[in-house]
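Trainee: I have a structure here, written as structure tokens, and I will follow up with some questions on it.
Numbering (my numbering), first residue to last: 156 to 255.
Structure (structure tokens):
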């Protein structure tokens, strides 16, 4: 499956969308997708995660307009091949998807 991912990036108030086209299995999570992007396409992409089980909340972000935990949302659950990922709204952005 091929998906187009738009990640809102930046720091110090200057933000922009960066797009990636990624070939993936539809059973992976958004967090796995972001880690794949960081590993294979863009080593500068920043996000937080810890437990990978939906307990700690470190990977909270806005996925297709809805605040969610990236480790619990599967690509197949979104039923789309275009994904928009943003940092949590109302929080100060440190870098990319990392907020205070």
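Just so you know, even glycine gets a beta-carbon here, dropped at the ideal spot from N, CA and C.
Where DSSP assigns a beta bridge to residue 174, which residues make up the other side?
Mentor: Within the chain shown, residue 174 is the residue found at index 19, counting from 1. Note: residue 174 sits in a beta bridge opposite 161.
Trainee: Let's see if you can read the secondary structure: which residues bound the alpha helix (DSSP H) around residue 233?
Mentor: In the chain shown, counting from the first residue as 1, residue 233 sits at position 78. Unbroken alpha helix (DSSP H) run through residue 233: 230-233.
Trainee: Taking residue 198 as the reference, give the member of 244, 168, 208 and 175 with the closest Cα.
Mentor: Here the question's residue 198 lines up with position 43 in the chain shown. It is 175.
Trainee: Can you tell me whether residue 193 is helix, strand or coil according to DSSP?
Mentor: Within the chain shown, the letter at position 38 stands for residue 193. DSSP places residue 193 in helix when its eight states are reduced to three.
Trainee: Suppose you measure from the CA of residue 186 to the CA of residue 168; what does that come to, to the nearest Å?
Mentor: As a working mapping, residue 186 is identified with position 31 in the chain shown. As a working mapping, residue 168 is identified with position 13 in the chain shown. Using only the alpha carbons, I get a separation of about 24 Å.
Trainee: By the 10 Å Cβ neighbour count, where 16 or more other Cβ atoms means buried, how is residue 157 classified, buried or exposed?
Mentor: By one-based count along the chain shown, residue 157 stands at place 2. Looking at its Cβ environment, which holds fewer than 16 other Cβ atoms inside 10 Å, residue 157 is exposed.
Trainee: Where do the N-terminal and C-terminal ends of the beta strand (DSSP E) with residue 222 fall, by residue?
Mentor: What you label residue 222 is simply residue 67 of the chain shown in a count that begins at 1. That run of the beta strand (DSSP E) goes 221-224.
Trainee: What first and last residue would you give for the beta strand (DSSP E) that runs through residue 241?
Mentor: Here residue 241 is taken as the residue at index 86 of the chain shown, counted from 1. Element bounds for residue 241: 237-241.
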